[in-house]
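Quick note on the numbering used here: the sequence shown kicks off at 22 and runs consecutively. Note that beta-carbon positions come from the ideal geometry of N, C-alpha and C, so glycine has one too.
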Amino acid sequence: MKYKESKNFFPHQDNPNRGDYVERVVDPRQAYYKVKPVNAEDEVPESASEFSANK
22 MKYKESKNFF PHQDNPNRGD YVERVVDPRQ AYYKVKPVNA EDEVPESASE FSANK
């Protein structure tokens, strides 16, 4: 699946080929969102969280 097909992808207004992939993270004390800039045509990794691989 490509990022542009994901419900978590939000394209930039000035360039729809680029956008942000947003992931909600919940830990014992709080919930927050992680945002990763991506290309719309790139493939979404199969792992549960691609953010952990890009720290």
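Within the same chain, Y42, V65 come within 8 Å of S27 by CB-CB distance, once the 5 residues on both sides are set aside.
Here the alpha carbons of R45 and K25 stand approximately 18 Å from one another. The beta-carbon distance between E67 and K23, rounded to whole angstroms, is 13 Å. This is too long to meet the 8 Å contact definition. In the DSSP assignment, R45 forms a beta bridge with Y54. From the listed residues G40, D48, P49, the smallest Cα separation to K57 is found for G40.
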